[in-house]
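Numbering follows our numbering, with no gaps: position 191 of the sequence shown is 265.
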Amino acid sequence: MNTEARATAVPDGRLSRLARLGSLATGVAGGMLAEGARQLAAGKRPKVSELVLTPANARRVADQLAQLRGAAMKVGQLMSMDAGNLLPPELAEILAGLREDARTMPMSQVVQVLETHWGKGWEQGFGRFSFTPCAAASIGQVHRARTHDGQELAIKLQYPGVRRSIDSDVDNVATLLRVSGLLPKSLDVAPLLEEAKRQLHEEADYRREAENLQRFGSLLADANDFVLPQAVAELTRSDILAMSWVEGVAVESLADAPQALRDRIASLLIGLLFRELFEFRLIQTDPNFANYRFDTASERLVLLDFGATRPYSDTVVEAYRRLMAGAIRGDRAAMSTAAQEIGYFQDTIHAHQRDAVIDLFATACEPLRHPGAYDFGASDLAVRLRDAGLKLSLDRDFWHTPPADALFLHRKLGGLYLLAARLGARVDVGRLAEPWLG
């Protein structure tokens, strides 16, 4: 989450949100005409794709989606993470920027949200309430408060209109990207968009997130290395999540910390993912770095934001167990069978395409096979995974949307790899996985 976000009112009506997207389409078209005229004046014959993907149009798309927030912003974030290899580089860069661009509600809108759900006079229940948010993301922002008895709280407020605009926003953004030419016609994103809607409806239910927070708190009750906030049920509503305040610094700010601390943090998070998959069968799938903080006083890792929590079936978990175990042994036949059960292969897949997918899995499992600590900071693993995925995605006869379970698990694993690389961490991944992979 961005703690230095700009304040702009969130359009909360269907017509006002549609008007935003309409003005964006008009702006993109106008930008295309201006760029076309400029290139013609210079003696060039411009291509339509060159006119669409101008820096000015890129800024228009990113700016309008960021102002809409909610589903419009989230679909851009999801597509940048889950389909980035299949998008034009210019569009991938636009959408990736949305992960960092969070804008906050002005004070008047904050008061409106609070009065709607807590009623007038709500402020009498607090000794202090900060109207300046300490964090902001795609569907809500966080404020710090203190009760009269001195309890420090984090109050997450959902942006107005998010829930009722989810389906239409996702459809409108997809249509806009398709019509504008920013999205390749050959790319079938329908399954991804449906999954985006489903996930957003779940994330927009803050009571559900409070339940997830409580459940993870119970599952990790024996893990002294982690600390989670506690939900405050009497203050939590569908659009407001009240939690105990937990101190901590951003994990990425520890890039210059002692090597042992960086190694420990990355090891804790990767080890936790193995527990989530193989033991809990319940995964917090959002790899945003802002979801992890470090309490320097207690030396514990703080876990935040359980909106994007996803259960995994025994069948899928067992298939991933065999896939990873096969990768460690170099057993490509076992890997292929497991990948088939997860849903990676269509009936029409060619042998060379199947081999390419198995190669990609083998590369992703490189840290598992590595003897001892794997040096993420010195590795080009992320680049190799990106290049292999891009090469595979260019084979349009092969590509289809993998199952949602796989997309979200890979999104989480990729995020942890990226964080480990950012920290320059050295992690014995094989040892962390051994209890489940043997």
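Positions of the beta carbon are idealized from the N, C-alpha and C atoms, including for glycine. Predicted, not measured: the structure shown is a model, and the values here were computed from it.
ask   = Could you give the C-beta distance for Ala284 and Thr310, rounded to a whole number, given that I count them as a contact under 8 Å?
value = Thr310 and Ala284 do touch by the CB rule: their CB atoms are close to 5 Å apart, below 8 Å.
Complete runs of the alpha helix (DSSP H) confined to the region 400 to 441 [at least 4 residues] = At a cut-off of 4 residues, the continuous stretches assigned as alpha helix (DSSP H) that sit fully inside the region 400 to 441 are 406 to 416, 425 to 438.
ask   = How would you write the range of the alpha helix (DSSP H) that Thr383 sits in, first residue to last?
value = In the DSSP assignment, Thr383 falls outside any alpha helix (DSSP H) and lies within the beta strand (DSSP E) extending over 383 to 385.
message = Please return the same chain residues whose Cβ sits closer than 6 Å to the Cβ of Phe482, not counting the five positions on each side in sequence.
response = Counting only Cβ-Cβ distances below 6 Å, and skipping sequence neighbours, we find Thr359, Arg384.
Residue nearest to Val390 in terms of C-alpha spacing, selected from Ile357, Gly404, Asp405, Ala295 = Closest option to Val390, judged by alpha-carbon separation, among Ile357, Gly404, Asp405, Ala295: Ile357.
message = Would the region 367 to 381 count as touching the region 410 to 429 if we require 3 or more Cβ pairs under 8 Å?
response = Using a Cβ-Cβ distance cut-off of 8 Å, the region 367 to 381 and the region 410 to 429 are not in contact, since fewer than three pairs of beta carbons, one from each stretch, lie closer than that value.
ask   = Span of the alpha helix (DSSP H) holding Tyr366?
value = For Tyr366, no alpha helix (DSSP H) run applies; the uninterrupted beta strand (DSSP E) run containing it begins and ends at 366 to 369, by DSSP.
request  = Would you decide whether Glu277 is buried or exposed? Buried here means 16 or more other CB atoms lie within 10 Å of its CB.
outcome  = Classification of Glu277: buried, given that the 10 Å Cβ count is 16 or more.
message = Within the continuous beta strand (DSSP E) that includes Arg311, where are the two ends?
response = Careful: Arg311 lies outside any beta strand (DSSP E) and carries neither H nor E.
task = Please report how far the alpha carbon of Ala331 lies from the alpha carbon of Ala408, in whole angstroms.
result = Taking the CA atoms as reference points, Ala331 sits about 41 Å from Ala408.
ask   = What separation, rounded to the nearest whole angstrom, lies between the Cα atoms of Ala210 and Thr411?
value = Straight-line Cα distance between these residues: approximately 43 Å.
query = Could you give the distance in angstroms between the alpha-carbon of Leu315 and the alpha-carbon of Thr190?
reply = CA-CA distance, Leu315 to Thr190, rounds to 14 Å.
inquiry  = Which residue wins for smallest C-alpha separation from Ala401, given the options Leu434, Ala478, Tyr386, Arg428?
reply    = For Ala401, the nearest C-alpha among the options comes from Leu434.
ask   = Counting pairs of beta carbons, one from the region 196 to 205 and one from the region 281 to 296, are three or more of them closer than 8 Å?
value = Under the Cβ criterion (8 Å, minimum of three pairs), the region 196 to 205 does not count as touching the region 281 to 296.
task = With distances taken Cα to Cα, identify the nearest neighbour of Gly322 among Arg458, Cys208, Asp449, Leu487.
result = Residue nearest to Gly322 within the set Arg458, Cys208, Asp449, Leu487 is Cys208 (criterion: CA-CA distance).
query = Tell me, which residues are paired with Gly449 by DSSP?
reply = The sequence shown places Asp at residue 449, rather than the Gly named in the question. In DSSP, Asp449 forms a bridge with Arg500.
query = Between which two residues does the beta strand (DSSP E) carrying Glu226 extend?
reply = It spans 226 to 232 - the beta strand (DSSP E) in which Glu226 sits, taken as one unbroken run.
query = Under the rule that 16 or more other beta-carbon atoms within 10 Å means buried, what is Arg505, buried or exposed?
reply = Arg505 counts as exposed, since fewer than 16 other beta carbons sit within 10 angstroms of its beta carbon.
task = Hey, could you find the ends of the alpha helix (DSSP H) Gly345 is sitting in?
result = Residues 333 to 348.
task = Throw me the rounded Cβ distance for the Leu490 and Leu343 pair, which I believe falls under 8 Å.
result = About 6 Å; that satisfies the 8 Å criterion.
ask   = Helix or strand or just coil, what does DSSP make of Met179?
value = Coil, per DSSP.
Proximity to Ala58 [Cα-Cα], best of Ala438, Glu440, Leu442, Arg406 = There is simply no residue 58 to check, as the chain begins at 75 and stops at 512 in what is shown.
message = Rounded to the nearest angstrom, what separates Asp369 and Leu459 at their Cα positions?
response = Approximately 32 Å between the Cα atoms of the pair.
task = Look at the Cβ atom of Gln215, then the Cβ atom of Met179, and state whether they are nearer than 8 Å.
result = In this structure, Met179 lies closer than 8 Å to Gln215 by Cβ.
key: Close beta carbons around Asn365, own chain, < 8 Å, minus the five adjacent residues each side   = Cβ neighbours of Asn365 within its own chain (closer than 8 Å, five residues either side excluded): Gln358, Leu377, Leu378, Asp379.
ask   = Mind checking whether Leu511 and Ala334 have CB atoms under 8 Å apart?
value = No; because the gap between Cβ atoms is not below 8 Å, this pair is not in contact.
key: Opposing strand residues paired with Phe203 [DSSP bridges]   = Residue pairing by DSSP places Phe203 opposite Ala219 in a beta bridge.
request  = Would you list the residues sitting across from Met317 in a DSSP beta bridge?
outcome  = For Met317, which the question treats as bridged, DSSP gives the partners Ala228, Ala305.
ask   = Which of helix, strand or coil does DSSP assign to Ala480?
value = Helix.
message = Using C-beta distances below 6 Å, list every residue in its chain close to Leu188, excluding the 5 sequence neighbours before and after it, in chain order.
response = If we look at Leu188 and ignore the five residues flanking it on each side, its Cβ neighbours are Trp196.
request  = Would you mind giving the Cβ-Cβ distance between Glu349 and Ala499, rounded to the nearest angstrom? I have them listed as a contact below 8 Å.
outcome  = Looking at the sequence itself, residue 349 is Arg, so the reference to Glu does not match. Rounded, the Cβ-Cβ distance is 18 Å, inconsistent with contact.
task = Pick helix, strand or coil for Leu356, following the three-state DSSP scheme.
result = If DSSP states are grouped into helix, strand and coil, Leu356 belongs with the strands.
query = Any idea what DSSP makes of Phe363, helix, strand or coil?
reply = Helix, per DSSP.
For Ala340 and Ala447, believed in contact at Cβ under 8 Å, the rounded distance = At roughly 10 Å, the Cβ-Cβ gap does not stay under 8 Å, so Ala447 and Ala340 are not in contact.
request  = Could you check the C-alpha separation between His444 and Ala438 for me, to the nearest Å?
outcome  = Going by the C-alpha atoms only, they are around 12 Å apart.
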